[in-house]
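Take a look at the structure below.
2 protein chains.
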Amino acid sequence: MLLPTPGRKLVVTTDVLVEGQHFTAALSGPEDWGWKAVAVNVSDLAAMGAVARWLVLALTVPDAAEVGTLQRVYAGIGEACGAFGVALVGGDVSAGPALSLAVTALGEAGQVVTRAGARPGDRLVVTGPLGAAAAGLALLRRDDEPARALLSRFPGLAAAHRRPAPDLGMGPRLAHAGATAMVDVSDGLAGDALHLAEASGVGVEVSDAAVPLAPGVAEAAALLGRDPVALALGGGEDFVLAAALPRTADLGGVLDCGRFTADPHRRVHQTAAGALPLDGLAFDHFRRRG
Amino acid sequence: MLLPTPGRKLVVTTDVLVEGQHFTAALSGPEDWGWKAVAVNVSDLAAMGAVARWLVLALTVPDAAEVGTLQRVYAGIGEACGAFGVALVGGDVSAGPALSLAVTALGEAGQVVTRAGARPGDRLVVTGPLGAAAAGLALLRRDDEPARALLSRFPGLAAAHRRPAPDLGMGPRLAHAGATAMVDVSDGLAGDALHLAEASGVGVEVSDAAVPLAPGVAEAAALLGRDPVALALGGGEDFVLAAALPRTADLGGVLDCGRFTADPHRRVHQTAAGALPLDGLAFDHFRRRG
Chain H
0 MLLPTPGRKL VVTTDVLVEG QHFTAALSGP EDWGWKAVAV NVSDLAAMGA
50 VARWLVLALT VPDAAEVGTL QRVYAGIGEA CGAFGVALVG GDVSAGPALS
100 LAVTALGEAG QVVTRAGARP GDRLVVTGPL GAAAAGLALL RRDDEPARAL
150 LSRFPGLAAA HRRPAPDLGM GPRLAHAGAT AMVDVSDGLA GDALHLAEAS
200 GVGVEVSDAA VPLAPGVAEA AALLGRDPVA LALGGGEDFV LAAALPRTAD
250 LGGVLDCGRF TADPHRRVHQ TAAGALPLDG LAFDHFRRRG
Chain E
0 MLLPTPGRKL VVTTDVLVEG QHFTAALSGP EDWGWKAVAV NVSDLAAMGA
50 VARWLVLALT VPDAAEVGTL QRVYAGIGEA CGAFGVALVG GDVSAGPALS
100 LAVTALGEAG QVVTRAGARP GDRLVVTGPL GAAAAGLALL RRDDEPARAL
150 LSRFPGLAAA HRRPAPDLGM GPRLAHAGAT AMVDVSDGLA GDALHLAEAS
200 GVGVEVSDAA VPLAPGVAEA AALLGRDPVA LALGGGEDFV LAAALPRTAD
250 LGGVLDCGRF TADPHRRVHQ TAAGALPLDG LAFDHFRRRG
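Listed below in structure tokens is the structure:
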């Protein structure tokens, strides 16, 4: 949220991760949970065009939690703070029935971009390939021999689920280049493109053929018996940015995968079989469970 | 935590309340929980000399929670935001095994006061009477006929537990008057005076005879078979401010209840029976449970 402070604009966001909801010891380790709690918040700041600066953490810890586990959570937080250039500046710890990490992140922006502002004719761009986190999570859950073989062959898949690494520089660059709306892809591009279109009151067309798939997503989809583009669009916390960019904007490092249109009743993806509504993909069971 | 922004200083704090740890449906209502989540955070900002401006809320909600309960929590948050002059500017909601409210509050300060800075010779002052929250909680838990009669005769006791109402103006006024260290009384004055002395590397003497008791605390203590001053010092979330104030400072509206001294090994309260260590009172079972 934009805070009206003097000078550069101050931006704040908050996101809570809860054991059993967003992470579980079966699929990732305590360091990963700490890392991810930082990553999802700094990603959200990048999506507003801001540079992340500070974090506070409100932790709830079950009585049965081991000190070693908490030390590993903090180690992951520390690693992420170092990697993303942010400082943990405050916190609170309470007992509670599940481990949860509520992080509030503060950042600074020259130019703040919201979800509302996309205009008909704007390009829909993303800052990286999609589907790795959804594929990684599905394979980690499946955990049979072929799944393990794929995870070993494409280490980026499990890493995308466990250690999302948003490219924080792209947020301010997109804002500076004139992005009219922006979001980070935390629910799958189908859902997040819908978020942009809804907030902006416009239509959107995603082109399936243009959706950039991360390495291993096609192979994972084949094993899982799913359509790879549907896997990439329908779920997963890829933590790349999705933005509406005017055709006149000049910016490298972004990948086109659709466009915004004038008809707010038409929010679709173009498949080989024709246009299908995006909301058929947007609430996939992969959504925000981990 | 002080954030080095240009212009006025930006201050941030976070505090999480968890059902079963900090509140329970047996003793207070959902509106109270929302109110309290705001109050404890803005109180913490006041204790740094700051004026609270913005809040973000990360809520976790059990699947079994009723929508009506959440609406009442939000109503309490709204009431408190109105009463304290702060704006809720962001949030996140997640499923989780218990209702928890992680609030992060941001404020602005001209002059920031920390816990470290009290000097030998400084007065120990508080901004209001003590013991109402501890007495209220004890009577609510006891819930027999005499306890209910006292709660009815002194409505401020239950209100102090359920709806703490920090005087936010006093924080900046104390900072402006030259307070050298400050804290809000959230664990009982014994514990919080110890926090100030420890952070400042000095001694402290609390004078039992000078401790201002809230209306009804003496009567509650008599019913509970406890010493009223011990009840007031040992626990309870009174959310008044405790500060170290130089003898030369000129400020009305504060109550003297002791002084800071040069000997860091002597942190005591003066009783009728002589000086006793403060840490004998500071970890009372009333501490932060509700």
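As you go down the protein sequences, you meet chains H and E in turn.
Count the first sequence with numbering that gives the first Met the number 0 and you get residues 0 to 289, in order.
Count the second sequence with numbering that gives the first Met the number 0 and you get residues 0 to 289, in order.
The C-beta atom is built at its ideal place from N, Cα and C for all residues, glycine as well.
If you measure between the beta carbons of Gly215 of chain H and Leu156 of chain H, is that distance less than 7 Å?
Along the first sequence, read from residue 1 onward, the residue named residue 215 of chain H stands at position 216. Along the first sequence, read from residue 1 onward, the residue named residue 156 of chain H stands at position 157. Cβ atoms of Gly215 of chain H and Leu156 of chain H: closer than 7 Å.
Throw me the rounded Cβ distance for the Gly130 of chain E and Leu212 of chain E pair, which I believe falls under 8 Å.
Your numbering for residue 130 of chain E matches position 131 in the second sequence. Your numbering for residue 212 of chain E matches position 213 in the second sequence. About 5 Å; that satisfies the 8 Å criterion.
Contact under 7 Å by Cβ, Val37 of chain H with Ala79 of chain H:
Stepping through the first sequence from its first residue, residue 37 of chain H is reached at position 38. Stepping through the first sequence from its first residue, residue 79 of chain H is reached at position 80. Their beta carbons are under 7 Å apart, which means Val37 of chain H touches Ala79 of chain H by this criterion.
Start and end residues, alpha helix (DSSP H) containing Glu78 of chain E:
Residue numbering aside, residue 78 of chain E sits at position 79 when the second sequence is read from its first letter. Its alpha helix (DSSP H) spans residues 66 to 83.
What residues in its chain sit with their C-beta under 7 Å from that of Val60 of chain H, if we drop five residues either side in the sequence?
The residue labelled residue 60 of chain H in the question sits at position 61 within the first sequence. Result list for Val60 of chain H: Leu69, Val92, Ala94, Gly95, Leu98, in chain order.
Taking the straight line between their C-alpha atoms, what separation do you get for Val50 of chain E and Gly190 of chain E?
On the second sequence, position 51 is the one that residue 50 of chain E refers to. On the second sequence, position 191 is the one that residue 190 of chain E refers to. Computed Cα separation, rounded: 25 Å.
Can you give me the Cβ contacts of Val41 of chain H inside the same chain, cut-off strictly under 7 Å, excluding the 5 residues immediately before and after it?
The sequence position of residue 41 of chain H within the first sequence is 42, counting from 1. Closer than 7 Å at the Cβ level, and outside the excluded window around Val41 of chain H, lie Ala51, Phe83, Val85, Ala104, Pro165, Leu167.
If you draw a straight line from the alpha carbon of Gly19 of chain E to that of Asp186 of chain H, how long is it in whole angstroms?
On the second sequence, residue 19 of chain E is found 20 positions in, with the first residue counted as 1. On the first sequence, residue 186 of chain H is found 187 positions in, with the first residue counted as 1. Rounded to whole angstroms, Gly19 of chain E to Asp186 of chain H spans 32 Å at the Cα level.
Within its chain, find whatever has a CB closer than 6 Å to the CB of His284 of chain H; leave out the 5 residues flanking it on each side and keep chain order.
As a first step, residue 284 of chain H is located in the first sequence; it is residue number 285 there, counting from the start. Confidence at His284 of chain H is low in this model, with a pLDDT of 37, below 50, so the placement of that residue is unreliable and no value is reported for it.
Ends of the alpha helix (DSSP H) at Ser93 of chain H?
Within the first sequence, the letter at position 94 stands for residue 93 of chain H. For Ser93 of chain H, there is no enclosing alpha helix (DSSP H); the enclosing beta strand (DSSP E) covers residues 86 to 94.
Spell out whether any CB of chain H is found under 7 Å from the CB atom of Ala311 of chain E.
No answer is possible for residue 311 of chain E: it lies beyond the span of chain E, which begins at 0 and ends at 289.
Measure the beta-carbon distance from Arg122 of chain H to Asp14 of chain H and round it to whole angstroms, keeping in mind my assumption that it falls under 8 Å.
For this step, residue 122 of chain H is matched to residue 123 along the first sequence. For this step, residue 14 of chain H is matched to residue 15 along the first sequence. About 28 Å separates the CB atoms of Arg122 of chain H and Asp14 of chain H; that is not less than 8 Å, and the two are not in contact.
Please say whether Ala174 of chain E and Gln269 of chain E have beta carbons closer to each other than 7 Å?
Taking the second sequence and counting its residues from 1, the one referred to as residue 269 of chain E is at position 270. Taking the second sequence and counting its residues from 1, the one referred to as residue 174 of chain E is at position 175. Contact: no.
Count the other C-beta atoms from every protein chain shown that fall within 10 angstroms of the C-beta of Arg114 of chain H, then say buried if there are 16 or more, exposed otherwise.
Stepping through the first sequence from its first residue, residue 114 of chain H is reached at position 115. Buried, since its Cβ has 16 or more Cβ neighbours within 10 Å.
Cβ closer than 7 Å: which chain H residues qualify as neighbours of Ala134 of chain E?
Walking along the second sequence from the start, residue 134 of chain E turns up at place 135. Under the 7 Å cutoff, chain H gives no residues; its nearest Cβ is about 24 Å from Ala134 of chain E.
Using a threshold of 6 Å, is the CB atom of Gly109 of chain E nearer than that to any non-hydrogen atom of the ligand ADP?
No copy of the ligand ADP occurs in the structure displayed, which carries no ligand at all.
Could you give the distance in angstroms between the alpha-carbon of Gly89 of chain H and the alpha-carbon of Val72 of chain H?
Here residue 89 of chain H refers to the residue found at position 90 of the first sequence. Here residue 72 of chain H refers to the residue found at position 73 of the first sequence. So the two alpha carbons sit approximately 16 Å from each other.
Quick one: complete beta strand (DSSP E) runs, 3+ long, within the segment 110 to 178 of chain E?
Within the segment 110 to 178 of chain E, the complete beta strand (DSSP E) runs of at least 3 residues are 122 to 125.
With 16 other Cβ atoms within 10 Å as the buried cut-off, status of Thr247 of chain E:
For the purposes of this step, residue 247 of chain E is taken as the residue at position 248 of the second sequence. Exposed.
For Thr13 of chain E, list the residues DSSP reports as bridge partners.
Here residue 13 of chain E is taken as the residue at index 14 of the second sequence, counted from 1. Answer is E:Thr103.
Measuring straight from C-alpha to C-alpha, what distance separates Val124 of chain E and Val253 of chain E?
Sequence index remark: in the second sequence, residue 124 of chain E carries index 125 (1-based). Sequence index remark: in the second sequence, residue 253 of chain E carries index 254 (1-based). Looking at the two C-alpha atoms, the distance is approximately 6 Å.
To the nearest angstrom, report how far apart Ala63 of chain E and Val17 of chain E are at their CA atoms.
Walking along the second sequence from the start, residue 63 of chain E turns up at place 64. Walking along the second sequence from the start, residue 17 of chain E turns up at place 18. Computed Cα separation, rounded: 16 Å.
Minimum length 4: unbroken alpha helix (DSSP H) runs contained in the segment 184 to 227 of chain H
188 to 199, 216 to 223
Would the beta-carbon of Ala178 of chain E fall within 7 Å of that of Ala242 of chain E?
Taking the first residue of the second sequence as 1, we reach residue 178 of chain E at position 179. Taking the first residue of the second sequence as 1, we reach residue 242 of chain E at position 243. Contact flag set, yes.
Per DSSP, which residues does Lys8 of chain H bridge with? Please list them.
Translated into the one-based positions of the first sequence, residue 8 of chain H becomes position 9. Lys8 of chain H pairs with H:Ala108.
Does DSSP put Pro276 of chain H in a helix, in a strand, or in coil?
Translated into positions along the first sequence, residue 276 of chain H becomes position 277. DSSP places Pro276 of chain H in strand when its eight states are reduced to three.
Excluding five sequence neighbours on each side, which residues of the same chain lie with their C-beta closer than 7 Å to the C-beta of Leu222 of chain H?
On the first sequence, position 223 is the one that residue 222 of chain H refers to. If you ignore the 5 residues before and after Leu222 of chain H, its C-beta comes within less than 7 Å of the C-beta of Pro145, Ala146, Leu149, all in its own chain and listed in chain order.
Per the DSSP calculation, Phe22 of chain E is bridged to which residue(s)?
As a first step, residue 22 of chain E must be located in the second sequence, where it is residue number 23. DSSP lists E:Glu18 as partners of Phe22 of chain E.
Just mark Pro29 of chain E as buried or exposed, buried being the case when its beta carbon has 16 or more other beta carbons within 10 Å.
The sequence position of residue 29 of chain E within the second sequence is 30, counting from 1. Pro29 of chain E comes out buried.
Kindly indicate if chain H contains any beta-carbon less than 7 Å away from that of Gly77 of chain E.
For the purposes of this step, residue 77 of chain E is taken as the residue at position 78 of the second sequence. Taking Cβ atoms only, chain H never reaches closer than 7 Å to Gly77 of chain E, which makes this a no.
Use the C-beta contact count for Pro171 of chain H: other C-beta atoms within 10 angstroms, 16 or more gives buried, fewer gives exposed.
Looking up residue 171 of chain H in the first sequence gives position 172. Per the 10 Å Cβ criterion, buried.
7 Å is my cut-off, CB to CB: does Gly120 of chain E come that close to chain H?
Along the second sequence, one-based indexing puts residue 120 of chain E at 121. Not an interface residue.
In angstroms, rounded to a whole number, what distance separates the CA positions of Arg152 of chain E and Val112 of chain E?
Position 153 of the second sequence holds residue 152 of chain E. Position 113 of the second sequence holds residue 112 of chain E. Taking the straight line from one Cα to the other gives about 38 Å.
For the beta strand (DSSP E) containing Val60 of chain E, name the first residue and the last one.
Taking the first residue of the second sequence as 1, we reach residue 60 of chain E at position 61. Note, Val60 of chain E: beta strand (DSSP E), 50 to 60.
Interface residues of chain H facing Val55 of chain E [CB-CB closer than 8 Å]
Taking the first residue of the second sequence as position 1, residue 55 of chain E is located at position 56. Those are Met0, Val11, Thr12, Thr13, Thr103, listed as they occur along chain H.
According to DSSP, Phe259 of chain H sits in a beta bridge with which residue or residues?
Residue numbering aside, residue 259 of chain H sits at position 260 when the first sequence is read from its first letter. DSSP, once it has assigned bridges, lists H:Val203 as partnering Phe259 of chain H.
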